[in-house]
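Student:
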Amino acid sequence: MSSPPAQRHRGLVGRDPADHGVRIVDTPTVRVHHPADLVGTVLSLIAIVLVLVLAVFAHRTTTGITQDVQGVAVIVRRILFVPVAVLEGLVTFIAPVAVLVELVTRRLVRQAFEAVAGGLLAVLTALLAAWLITELGVSDLRNTFSVWSREANQALVTIPALMTGTAGLLTAAGQRSRRRTVAWSWNLLWIALGVALITGAVTLPGALLTVLIGRASGLGLRYAFGVRSERAYGPALVEGIRRAGFAPVRLTRVRDVAAAHPGGDDALATDLAAVAITRYGDKRVYAMTTEDGNRLDVVVLDGDRQVVGILTRFWRSMRLRGIDGRAVVSLRQAAERAALLCYAAWSAGVCTPRLLGLAESEDSMILIQQHARGAVPLRDLPPDEVTDEVLDAIWEQLSIAHAAGLAHRALTADVVLVNPDADACSPDSPATGAHDADAPVVLLTGWESGDVASSELARRMDVSHLLAMLALKVGPDRAVASAVRMMPDNLATIGPLLQPIAFPRATREEARGKRDVLSELRETLLARLPKAVVEPERLVRFGARTVVTVVAVIFATSLIITSLNFNDIRNALAEASPWWALVSFGLGLLTFLGSALTVVAFAPVKLSLWRTTQAQAAAAYVALGAPAGIGPAAINLRLLTQRGVSNALGVASVGLVQLAQLVTTVILLVVLVLVSGSDLPLSMPPRTVLLAVGLVALAITAVMFIPRVRQWLAARITPIWQTTWPRLVQLIGQPKRFTVAVLGSLVMTLGYLGAFWAAVAAFGLGAAVAPIDIAIAYLFGNAAGAVIPAPGGLGPVEAGLVTGLTTAGIGVAIGAPIVLLFRFLTFWLRIPIGWFAMKVLVKRGEL
Numbered sequence: 005m006s007s008p009p010a011q012r013h014r015g016l017v018g019r020d021p022a023d024h025g026v027r028i029v030d031t032p033t034v035r036v037h038h039p040a041d042l043v044g045t046v047l048s049l050i051a052i053v054l055v056l057v058l059a060v061f062a063h064r065t066t067t068g069i070t071q072d073v074q075g076v077a078v079i080v081r082r083i084l085f086v087p088v089a090v091l092e093g094l095v096t097f098i099a100p101v102a103v104l105v106e107l108v109t110r111r112l113v114r115q116a117f118e119a120v121a122g123g124l125l126a127v128l129t130a131l132l133a134a135w136l137i138t139e140l141g142v143s144d145l146r147n148t149f150s151v152w153s154r155e156a157n158q159a160l161v162t163i164p165a166l167m168t169g170t171a172g173l174l175t176a177a178g179q180r181s182r183r184r185t186v187a188w189s190w191n192l193l194w195i196a197l198g199v200a201l202i203t204g205a206v207t208l209p210g211a212l213l214t215v216l217i218g219r220a221s222g223l224g225l226r227y228a229f230g231v232r233s234e235r236a237y238g239p240a241l242v243e244g245i246r247r248a249g250f251a252p253v254r255l256t257r258v259r260d261v262a263a264a265h266p267g268g269d270d271a272l273a274t275d276l277a278a279v280a281i282t283r284y285g286d287k288r289v290y291a292m293t294t295e296d297g298n299r300l301d302v303v304v305l306d307g308d309r310q311v312v313g314i315l316t317r318f319w320r321s322m323r324l325r326g327i328d329g330r331a332v333v334s335l336r337q338a339a340e341r342a343a344l345l346c347y348a349a350w351s352a353g354v355c356t357p358r359l360l361g362l363a364e365s366e367d368s369m370i371l372i373q374q375h376a377r378g379a380v381p382l383r384d385l386p387p388d389e390v391t392d393e394v395l396d397a398i399w400e401q402l403s404i405a406h407a408a409g410l411a412h413r414a415l416t417a418d419v420v421l422v423n424p425d426a427d428a429c430s431p432d433s434p435a436t437g438a439h440d441a442d443a444p445v446v447l448l449t450g451w452e453s454g455d456v457a458s459s460e461l462a463r464r465m466d467v468s469h470l471l472a473m474l475a476l477k478v479g480p481d482r483a484v485a486s487a488v489r490m491m492p493d494n495l496a497t498i499g500p501l502l503q504p505i506a507f508p509r510a511t512r513e514e515a516r517g518k519r520d521v522l523s524e525l526r527e528t529l530l531a532r533l534p535k536a537v538v539e540p541e542r543l544v545r546f547g548a549r550t551v552v553t554v555v556a557v558i559f560a561t562s563l564i565i566t567s568l569n570f571n572d573i574r575n576a577l578a579e580a581s582p583w584w585a586l587v588s589f590g591l592g593l594l595t596f597l598g599s600a601l602t603v604v605a606f607a608p609v610k611l612s613l614w615r616t617t618q619a620q621a622a623a624a625y626v627a628l629g630a631p632a633g634i635g636p637a638a639i640n641l642r643l644l645t646q647r648g649v650s651n652a653l654g655v656a657s658v659g660l661v662q663l664a665q666l667v668t669t670v671i672l673l674v675v676l677v678l679v680s681g682s683d684l685p686l687s688m689p690p691r692t693v694l695l696a697v698g699l700v701a702l703a704i705t706a707v708m709f710i711p712r713v714r715q716w717l718a719a720r721i722t723p724i725w726q727t728t729w730p731r732l733v734q735l736i737g738q739p740k741r742f743t744v745a746v747l748g749s750l751v752m753t754l755g756y757l758g759a760f761w762a763a764v765a766a767f768g769l770g771a772a773v774a775p776i777d778i779a780i781a782y783l784f785g786n787a788a789g790a791v792i793p794a795p796g797g798l799g800p801v802e803a804g805l806v807t808g809l810t811t812a813g814i815g816v817a818i819g820a821p822i823v824l825l826f827r828f829l830t831f832w833l834r835i836p837i838g839w840f841a842m843k844v845l846v847k848r849g850e851l
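So in the working numbering, spot 754 of the sequence shown is number 758, and the numbers just go up one at a time.
Next comes the structure, spelled out in structure tokens:
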């Protein structure tokens, strides 16, 4: 390959014009770090951990399966005309040699060396794993991987190192679909492993670990050093374009950089409309000039990049509630979906570049589309040039799409193009005939994430995406005004979706730098449409904090379960008094009434006691998915806001309810101590604890001297205090309501304490334990559930209650059944009641 010095400096690649006659300005990626290799490595490591866990906890099962498989060993030995060791040697010699010969003959010398390195790494890893299991593993783990050795006259941990190395070499050599020797070598390796398993040369977990270690070693090496790119570049790219029916004469890679020199190829490479395509999607874009002088865009989707998009969409679909659309599972599906949406949008009359051709070449799919001549992305358009006419034209294009049942799902400032040329749309586009020649032309691009038969939620998302994007560009006032002019019927329900987690990535990143815009947007929307709902919905199923909490709860629960004697627990539950259990359940139901009395007393509006009691019952159902104490607070806040109470006043009222319950509980504890004549079962903390508490207090005092910390605390505490204090003063001035609030809190606290005491009495220990000890045990468990935000307090509450009973002199063998009975009666058994109450209140519009 040769090229003039100037062209070589600019990145000219490909063959001479005599070969394909196309001038290509590009810098191909020779080696790529394939995300699929990283995913495969992680999955292999996870599978290795699972095999080890099963080897320990399902030792008998794995051993039994291995023995069943080895039952046909005699038949296999009769069929084989060579010993198993010789067969293993042949497979581990012939297969690697054949693969390496194919790689060298294809002039893939570097890949051959990498394959050898992958095999050596797998061999060393297998030897290390066998040594670690032998020296550090528990007895069940060693026994699971051990086979009898006649030479050593003992059982030895066996992970066939040569077979593991073969698996690592074959993995590093590439995909079996592209290397014939790799394909049949894998078949031989599986046969050899099967024979070794049947004849007792290796156990079932050992055979699985052989392949998994090889896969993890080979894939990890491939990702670390990269693999030879199989994307369509140069002649392969030209070949694909020609199969789509076009005759290119020049292809220039579009890059998101400022043009170094005006005119020429630099102008083609930095055309703003084409650059926008590279920004809103992970794809390559080329400016193509055809033989007849047309300027078209060539969009190339690469197979090695599809894994990232698939994983991202899968993660968002798991984490978010209905936000992301259907995921694609292959490169061809991604290209076909993009083509379908482009055709559908153009046919519906949306002003969008028309898709002209589609082809496949190497590990890439090629889409050829019209070029948006002279168009400028909204991101690059100065704000003063975004006139009201431009805003109206943007909303008009979205209205056309929605009228045809289409949803975009990824509206950003890069997919909205503004073009001063009235002929920007295709001359034969359905939108051209009705277009006003004096109005600005707006194009919507990037339809590959959209839906052709969209749901109402998808169209609401489009409106919220576009409104947020325009607010970030021209301000909330103009954005809302344009939306009210063009789509007034679609704005009342989008407020809950105006939150960053629901936006495309580009809009989320822009919103981080303008944090006040979204809150101003909600206020502006509410001012325009007073009845609009603007409170954000909970769209996230779980976050990082939830994952950490669940893991911690599982770990703590496992520790507790492993320390219990289930025979003693079963015997204790069988001897429990059903009458005291019934009393415990009844006192637990009484807490609904107590909580309702407190809410009615503190509510700024008149509430029905019966409806409020039903709401407290519904909170028992909500508590299943919310941390302890959060469910009732959320239900009470919803109950107040549904009756016109402002959010700030509702938060203050709910806060007073929580405060009243806390104060009442503390006072009740003091009264119990005085009445019972008992001393609090507390001793003076040791010197180390006192020193630690002093250091923490000193650190908090030092932090309070930082102005920013004080300002941050003041910004959050002052509004709550300003709203809560006047409300508290007002209630103190109304003795009747204040008395009802105190009575309700007292009924609720005594109800829970009584239910817990009845659960203790069910096991014949009611008179043996002082009421103050039971009260402290209950409060300790309740505090544990509040500190560790597990759903329903599951795990922390049980652990805290058992610990509290233990400090009161009740052993774990009897304390655990007491706690299980109490939680069953006051938590699990109330969930069906709460579900029914929730259905009734929602149907009546109370919640």
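We put the beta carbon where it would ideally sit given N, CA and C, even for glycine.
(1) R247 and Y290: beta carbons closer than 8 Å?
(2) For V127 and V422, what's the separation of their Cα atoms in angstroms?
(3) Looking only at its chain, what residues have a beta carbon closer than 6 Å to the beta carbon of A605, apart from the 5 residues adjacent to it on each side?
(4) Inspect the beta-carbon positions of S233 and V304 and report whether they are closer than 8 Å.
(5) Quick check: the Cα distance between A448 and Q401, rounded to an integer number of angstroms?
(6) At a cut of 8 Å, does the region 180-198 reach the region 125-144 through at least three beta carbon pairs?
(7) For V55 and A220, what's the separation of their Cα atoms in angstroms?
(8) Do the CB positions of V764 and I780 come within less than 8 Å of each other?
(9) Three or more beta-carbon pairs under 8 Å between the region 744-760 and the region 584-595, yes or no?
(10) Flag this pair as touching only if the region 92-101 and the region 141-149 have three or more C-beta atom pairs under 8 Å; answer yes or no.
(11) Apart from the five residues just before and just after D347, which ones in its own chain have a Cβ nearer than 7 Å to its Cβ?
(12) On the CB-based measure, 16 or more other CB atoms within 10 Å of its CB, does D296 come out buried or exposed?
(13) So L131 packs on A176, CB below 8 Å; how close in whole Å?
(14) Looking at A622 and V842, is the spacing between their C-beta atoms short of 8 Å?
(15) DSSP puts G361 in a beta bridge; with which residues?
(16) Could you check whether the region 397-417 touches the region 462-481, counting it as contact only if at least three pairs of C-beta atoms, one from each stretch, sit closer than 8 Å?
(17) Beta-carbon within less than 7 Å of E106's beta-carbon, same chain only, minus the 5 sequence neighbours each way: which residues are those?
(18) Taking the alpha carbon of L58 as the point to measure from, which residue in G450, L145, A40 has its own alpha carbon closest?
(19) Considering only the alpha carbon of each residue, which of F250, I163, G169 lies closest to L124?
(20) Answer with buried or exposed for N298, where buried requires no fewer than 16 other C-beta atoms within 10 angstroms of its C-beta.
(21) In angstroms, rounded to a whole number, what distance separates the CA positions of R283 and D418?
(22) So is W583 buried or exposed if we call it buried at 16+ other beta carbons inside 10 Å?
(23) Drop a sphere of 10 angstroms on the beta-carbon of D520, count the other beta-carbons inside from all chains shown, and report buried for 16 or more, exposed for fewer.
(24) Exposed or buried, what is L613 when buried is set at 16 or more other beta-carbons lying within 10 Å of its beta-carbon?
(25) Give the range of the alpha helix (DSSP H) segment to which T129 is assigned.
(26) With H, G and I counted as helix, E and B as strand and the rest as coil, what does DSSP make of L421?
(27) To the nearest angstrom, report how far apart A414 and T511 are at their CA atoms.
(28) Mapping DSSP to helix, strand and coil, what is D481?
(29) How long is the line joining the alpha carbons of A228 and R336, rounded to whole angstroms?
(30) Straight-line CA distance for R712 to K518?
(31) Using DSSP with H/G/I as helix, E/B as strand and the rest coil, what is T33?
(32) Since I believe D306 is in contact with R288 (beta carbons under 8 Å), could you give me their beta-carbon distance rounded to a whole number of angstroms?
(33) So what's A159 in DSSP terms, helix, strand or just coil?
(34) Could you tell me which of V844, P836, A580, L461 sits nearest to V823, measuring between CA atoms?
(35) Please classify I710: does DSSP put it in a helix, a strand, or coil?
(36) What are the boundary residues of the beta strand (DSSP E) that includes R512?
Tutor: A quick look at the data gives this:
(1) With respect to the 8 Å criterion, R247 and Y290 are not classified as neighbours on the basis of their beta carbons.
(2) If you take the alpha carbons of V127 and V422, they lie about 60 Å apart.
(3) For A605, same chain residues with a beta-carbon under 6 Å away, outside a window of 5 residues either side, are R741, V744, A745 in chain order.
(4) The beta carbons of S233 and V304 sit no closer together than 8 Å.
(5) The sequence shown places Leu at residue 448, rather than the Ala named in the question. Cα-Cα distance, rounded: 7 Å.
(6) Touching, no, given that fewer than three Cβ pairs across the two stretches are closer than 8 Å.
(7) For V55 and A220, the distance between alpha carbons rounds to 14 Å.
(8) In this structure, I780 does not lie closer than 8 Å to V764 by Cβ.
(9) Contact between the region 744-760 and the region 584-595 is present, because at least three Cβ pairs lie under 8 Å.
(10) The region 92-101 vs the region 141-149: no contact.
(11) Looking at the sequence shown, residue 347 is not Asp but Tyr. These residues qualify, in order along the chain: L359.
(12) Counting of Cβ neighbours within 10 angstroms places D296 among the exposed residues, the total staying below 16.
(13) At roughly 18 Å, the Cβ-Cβ gap does not stay under 8 Å, so L131 and A176 are not in contact.
(14) In the sequence on display, residue 842 carries Met and not Val. Their beta carbons are under 8 Å apart, which means M842 touches A622 by this criterion.
(15) Answer is I372, bridged to G361.
(16) A contact exists between the region 397-417 and the region 462-481.
(17) Counting only Cβ-Cβ distances below 7 Å, and skipping sequence neighbours, we find R183, T185.
(18) Per the Cα distances, L145.
(19) Among F250, I163, G169, the Cα nearest to that of L124 is on G169.
(20) Exposed.
(21) Going by the C-alpha atoms only, they are around 7 Å apart.
(22) Classification for W583: exposed.
(23) It counts as exposed.
(24) When all chains shown are included, L613 counts as exposed.
(25) Start and end: 113-140.
(26) In the structure shown, L421 adopts extended strand secondary structure according to DSSP, grouped into three states.
(27) Rounded to the nearest angstrom, the two C-alpha atoms are 9 Å apart.
(28) Of the three classes helix, strand and coil, the one that applies to D481 here is helix, per DSSP.
(29) A228 and R336 have their C-alpha atoms roughly 27 Å apart.
(30) Answer to the nearest angstrom: the Cα atoms are 20 Å apart.
(31) Reduced to three states, the DSSP call for T33 is coil.
(32) Correct: roughly 7 Å between the Cβ atoms.
(33) Of the three classes helix, strand and coil, the one that applies to A159 here is strand, per DSSP.
(34) Comparing Cα positions, the closest option is A580.
(35) Coil at I710, not helix or strand.
(36) Not the beta strand (DSSP E): R512 falls in the alpha helix (DSSP H), residues 509-517.
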